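Last residue of the sequence shown: 202 (the numbering used here), numbering continuous.
Encoded as structure tokens, the structure appears first; notes follow it.
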Amino acid sequence: MLRGRGGSTAFGLVAVVSAFLVGDALVRGDWEVVLRTTPPVGLVLWAIWVLLLRPSIGFDANGLVVVNVLRIVRVPWEDVEYIGMRYQIVVETRSGPTIRCWGGPTLPRPQPARRGRAAVMPRAREVDVLNDARDRYGAAPHGTPGGGTATRAWDTVALVIGAVCAVATVLAVTLP
27 MLRGRGGSTA FGLVAVVSAF LVGDALVRGD WEVVLRTTPP VGLVLWAIWV LLLRPSIGFD
87 ANGLVVVNVL RIVRVPWEDV EYIGMRYQIV VETRSGPTIR CWGGPTLPRP QPARRGRAAV
147 MPRAREVDVL NDARDRYGAA PHGTPGGGTA TRAWDTVALV IGAVCAVATV LAVTLP
């Protein structure tokens, strides 16, 4: 599983601060504050999880699985034309659409110019990992249930969790 840098750190910091704030009210026995603040805190944690932690790029013998914000794209190896890096990992398919991997790693910082040398734009190691996997699995005989084209679907797990958090937040804010 390939993920962007820093998402887990940001999520962890917000989760620790949130647990401290809600835990303080819990320790003091202020149940009204606990019941009114837990759903909005959960909604904020869900948003950070969906934006920074959940997006990722996975692969197996059947192809790539790109989890973007609230969307999941499955691309069989037969449909992968090119895997490259612009600001983020980009997968060009034979069937047409270009898939931008929001949750994937971004380009590393360029190395500064040294005396007599130009600045060097480093290559992301994750692109090499994905290209190696494409070369290894793309040539192997296997059955792809997707029919050879990329399929897109909503991320139902994230949507259900978000809907539950949103309804709980509305109830916590509006009920007397």
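Each residue gets a CB set at the ideal place from its N, CA and C atoms; glycine is no exception.
All of these numbers come straight from a predicted model, not from anything done at the bench.
**Prompt:** Once you ignore the five residues that flank residue 125 on each side, which residues in its own chain have a CB closer than 6 Å to its CB?
**Reply:** Residue 125 sits at position 99 when you count from the first residue of the sequence shown. If we look at residue 125 and ignore the five residues flanking it on each side, its Cβ neighbours are 92, 99, 117.
**Item:** residue 202 in three-state terms, based on DSSP
**Value:** Position 176 of the sequence shown, counted from the first residue, corresponds to residue 202. Under the three-state reduction of DSSP output, residue 202 falls in the coil class, being neither helix nor strand.
**Item:** Per-residue burial, residue 154 [other beta carbons within 10 Å of its own, 16 or more giving buried]
**Value:** Counting from one through the sequence shown, the residue named residue 154 turns up at place 128. Burial call: exposed.
**Prompt:** So what does DSSP say about residue 169, is it helix, strand or coil?
**Reply:** Counting from one through the sequence shown, the residue named residue 169 turns up at place 143. Any reading at residue 169 needs caution, since the residue's pLDDT is 49, under 50, leaving its predicted position unreliable; the model's value is listed next. Residue state, collapsed to three classes: coil.
**Between the CA atoms of residue 119 and residue 163 - distance to the nearest angstrom** = Residue 163 sits at position 137 when you count from the first residue of the sequence shown. Residue 119 sits at position 93 when you count from the first residue of the sequence shown. A straight-line Cα-Cα distance of about 16 Å links residue 163 and residue 119.
**Prompt:** If we ignore side chains and look at the alpha-carbon of each, how far apart do residue 152 and residue 184 end up?
**Reply:** Translated into positions along the sequence shown, residue 152 becomes position 126. Translated into positions along the sequence shown, residue 184 becomes position 158. In this structure, the CA atom of residue 152 is about 25 Å from the CA atom of residue 184.
**Item:** For residue 34, the three-state DSSP class (helix, strand or coil)
**Value:** Stepping through the sequence shown from its first residue, residue 34 is reached at position 8. Residue 34: helix per DSSP, three-state reduction.
**Asked** Since residue 74 contacts residue 42 with CB under 8 Å, what's their CB separation in whole angstroms?
**Response** Numbered from its first residue, the sequence shown carries residue 74 at position 48. Numbered from its first residue, the sequence shown carries residue 42 at position 16. That pair is no contact at about 12 Å.
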